[in-house]
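What follows is one structure encoded as structure tokens, with my remarks underneath.
Protein chains: 2
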Amino acid sequence: MKEEKTIAVAVETPSTSRYSACLLFSANALARAITAIGDEEFGRFGICYSHAYMLCEVVDQPGITPSELSETLCLTPSTITRLVEKLEQKRLVRRESEGKKTLIYPTEEGESIQPEIAAAWDRVSERYSQVLGETDVCQLTQQIFKASKALGDGI
Amino acid sequence: MKEEKTIAVAVETPSTSRYSACLLFSANALARAITAIGDEEFGRFGICYSHAYMLCEVVDQPGITPSELSETLCLTPSTITRLVEKLEQKRLVRRESEGKKTLIYPTEEGESIQPEIAAAWDRVSERYSQVLGETDVCQLTQQIFKASKALGDGI
DNA sequence: GAATATTGTTTGCACATACAAATATCATTG
DNA sequence: CAATGATATTTGTATGTGCAAACAATATTC
């Protein structure tokens, strides 16, 4: 009797769960796990990882438009608007209307904290590389990005 | 004029973005892309993919507790509560309090639509396998799940 | 056996994200 | 040049998710 139970437990251990064989499940689990790291590092600036990336992009290309950001960051235009609003509230970027376009510029503060953001970014990479192994990370990242692009384009 | 535009598009293609080299970025991009497929298939039942998985789990193990679901689905207890509430509203599961535990059971309707859910699940797999290639999917899924587990445990 | 700690679950609050519709500007065509 | 179509951006609304705190019930310790 006991033996039967032991077998049952072994079967339902999470590593062999049916969900682990599901890309939809795994991809979201990974995203959540790694986002937790990102938010922890970027959270010191009161922003989340996508804000951080967006700020980098704006500092690099002052006057960038929401649609360009949408393309680069793989996020919906509406999401971009919301993120920009947040960064604007924090006085890290400002918006300028030019015709039907909106141009986004970094503020001085936005530019000045950018190096810290970049450093946090590096720390995030270090942290997950330490856990996963540097070479694995490179390969995995490439594969994952390729897959996301294929799915994004192919629908 | 037309030709110039074509060239410009080619230059700013996402595959050469610095973010593609970032696992945090790529993992989230993949999760969003694939969740879009999942929501499309499961959306016909008015639920999202995590509801679907949860319902499967509840049908398979009637009387399962939130903490067990939390473990299996890699989701926070509070998130589990919210998902259960939703499924309860839709009359697909019901809750029973037993001491400090909560036992979750499927309703008849919950049990009856479970096969359809499973079919939708298969369709999701088929759809992304078709885009990504079946063998790649297996390998990728395994790697991704392994990584998510490593990150989840190792923090 | 009462006080304290631990465990399981649920709320309050906040946030990233998306879809659909609204709005505003530009382009095109008759 | 007016009307219609296309494009860029923003809102309204909704949802999944998590953290921290509250709550409830069990376990432990003195």
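Taken in sequence, the protein lines are chains A and B. Heads up, the first sequence is in this note's numbering, so the first residue is 5 and it goes up one at a time. Heads up, the second sequence is in this note's numbering, so the first residue is 5 and it goes up one at a time. Glycine included, each C-beta is placed from N, C-alpha and C at the ideal position. Just so it is clear, the structure is predicted and the values come from calculations on it, not from any experiment.
Going by other Cβ atoms of all chains shown within 10 Å of its Cβ, with 16 needed for buried, is residue i buried or exposed?
{"i": "A31/A", "result": "buried"}
{"i": "V15/B", "result": "Confidence at V15/B is low in this model, with a pLDDT of 38, below 50, so its placement is unreliable and the value that follows should be read with caution. Exposed is the call here."}
{"i": "S82/B", "result": "exposed"}
{"i": "P110/A", "result": "buried"}
{"i": "S116/A", "result": "exposed"}
Rounding to the nearest angstrom, what Cα-Cα distance links residue i and residue j in this structure?
{"i": "G67/A", "j": "C60/A", "result": "13 angstroms"}
{"i": "G114/B", "j": "K105/B", "result": "21 angstroms"}
{"i": "E45/B", "j": "A124/B", "result": "6 angstroms"}
{"i": "L155/A", "j": "L73/A", "result": "19 angstroms"}
{"i": "Q146/A", "j": "R127/B", "result": "26 angstroms"}
{"i": "E102/B", "j": "T69/B", "result": "10 angstroms"}
{"i": "Y53/A", "j": "G42/A", "result": "6 angstroms"}
{"i": "K153/A", "j": "A35/A", "result": "16 angstroms"}
{"i": "T80/A", "j": "F49/B", "result": "25 angstroms"}
{"i": "D64/A", "j": "I121/A", "result": "13 angstroms"}
Could you tell me whether the Cβ of residue i comes closer than 7 angstroms to any Cβ of chain A?
{"i": "C78/B", "result": "yes"}
{"i": "S30/B", "result": "yes"}
{"i": "A56/B", "result": "no"}
{"i": "G156/B", "result": "yes"}
{"i": "G67/B", "result": "no"}
What is the C-beta distance between residue i and residue j, in whole angstroms, given that I count them as a contact (C-beta under 8 angstroms)?
{"i": "V141/A", "j": "L27/B", "result": "6 angstroms"}
{"i": "V97/B", "j": "I108/B", "result": "5 angstroms"}
Any beta-carbon of chain B closer than 7 angstroms to the one on residue i?
{"i": "D126/A", "result": "no"}
{"i": "I148/A", "result": "yes"}
{"i": "I38/A", "result": "yes"}
{"i": "A122/A", "result": "no"}
{"i": "S24/A", "result": "yes"}
{"i": "T85/A", "result": "no"}
**Q.** Start-end ranges of the beta strand (DSSP E) lying completely within the stretch 97-123 of chain A, minimum 3 residues
**A.** 97-102 and 105-110
Q) Can you list the alpha helix (DSSP H) stretches of 4 or more residues lying completely in the stretch 63-88 of chain B, in chain order? A) 70-77
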